[in-house]
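Numbering (this note's numbering), first residue to last: 10 to 272.
Ideal Cβ placement from N, Cα and C applies to all residues, glycine included.
Shown next, in structure tokens, is the structure this report addresses.
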Amino acid sequence: MKTTCKWFNTIKLTLVATLLISCQLLIATGNAYAQGVPVKNIVLVHGAFADGSGWKGVYDILTKKGYHVSIVQNPLTSLRDDVAETQSVIEAQDGPVILVGHSWGGTVITEAGLHPKVSGLVYVAAFMPDKGETTGKWVAAAPAAPEAGFTATDRFGFVYFDPMKFHAGFAGDLSKAQSDFMNASQVPIIGKCFEEPVENAAWKMKPSYAIVATEDKALNPETERVMYKRAHADVTEIKGSHVIFISQAEAVAEVIMKAATQL
10 MKTTCKWFNT IKLTLVATLL ISCQLLIATG NAYAQGVPVK NIVLVHGAFA
60 DGSGWKGVYD ILTKKGYHVS IVQNPLTSLR DDVAETQSVI EAQDGPVILV
110 GHSWGGTVIT EAGLHPKVSG LVYVAAFMPD KGETTGKWVA AAPAAPEAGF
160 TATDRFGFVY FDPMKFHAGF AGDLSKAQSD FMNASQVPII GKCFEEPVEN
210 AAWKMKPSYA IVATEDKALN PETERVMYKR AHADVTEIKG SHVIFISQAE
260 AVAEVIMKAA TQL
């Protein structure tokens with residue numbers, strides 16, 4: 010009987026010691042995150058009329074800094090499809106994620122950012138709708154911009170950025186040659202995407218950072234400011250066109266790295 014009691018006491022002491030060590034590890038890990046251990050996984054989401062290749066400059070900067078960067082290729086066929094594609098990429102990451110969206114990609118990350126792996130959101134000249142709102146609401150609310158415009162929906166349901174207005178309205182701070190190539194390689198979006206309401210807004214639950222492109226003609230800078238202020242986002246203003254993620258890749262990457270290290 011004494012031997013049995015000694016055996017149980019030994020087991021109890023071992024369990025107590027194990028629990029104490031586990032608690033110490035958890036406290037140490039919590040302290041490390043509190044001290045700003047950076048999130049290493051960055052997921053970039055493009056908007057309408059473009060594809061993921063536009064993130065090349067930002068990708069190069071971030072990967073050289075040691076970040077693991079993944080780029081979503083949205084089908085642009087519906088909000089639900091784009092959210093599913095984005096969350097598929099998020100799920101493939103090996104830890105916490107900073108989710109970054111440009112333009113229409115902002116609407117996508119607002120919904121996709123609910124994924125538990127997402128630690129923070131970065132909006133780059135992007136839409137930031139609330140629950141129940143559509144992207145179209147914010148397009149219609151912006152002051153008229155004569156430099157910008159969309160084509161009518163074609164018989165397949167697709168909408169393009171007006172090719173005659175593409176350089177001035179979409180990519181004004183890129184060279185004409187670069188803008189012409191982007192124009193010729195536009196990825197159209199199904200027009201009804203702009204009518205789909207957001208079901209949940211991740212920015213209400215997760216830290217958000219936002220970039221205002223002060224020379225933006227496609228999404229009015231004041232519209233950006235209104236959305237970002239409402240969301241209490243950490244806002245940075247950068248001089249650039251709607252494709253600021255291309256023309257000012259270094260400045261955009263700095264904001265993303267700020268988000269990754271401040272969470």
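In the three-state reduction of the DSSP assignment, SER256 falls in the helix class, which pools H, G and I. For SER97, the enclosing alpha helix (DSSP H) starts and ends at 88-100.
Beta-carbon to beta-carbon, ALA258 and VAL67 are separated by about 5 Å, close enough to satisfy the 8 Å threshold.
Between the alpha carbons of ILE265 and VAL131 lies a gap of roughly 7 Å. Within the same chain, and ignoring the five residues on either side of LYS238 in sequence, no residue has its Cβ closer than 7 Å to its Cβ. Within its own chain, the residues whose Cβ lies closer than 7 Å to the Cβ of THR119, once the five positions on either side in sequence are excluded, are MET137, PRO138, VAL207, ALA210, ALA211 and TRP212, listed in chain order.
The Cβ-Cβ distance between THR95 and VAL117 falls below 8 Å. Pairwise C-beta distances place the stretch 72-88 in contact with the stretch 53-63, as three or more of them are shorter than 8 Å.
Within the DSSP secondary-structure output, ASP225 pairs in no beta bridge. Fewer than three pairs of CB atoms, one per stretch, sit closer than 8 Å, so the stretch 222-235 makes no contact with the stretch 195-206. Between the C-alpha atoms of ALA242 and TRP147 there is a straight-line separation of about 17 Å.
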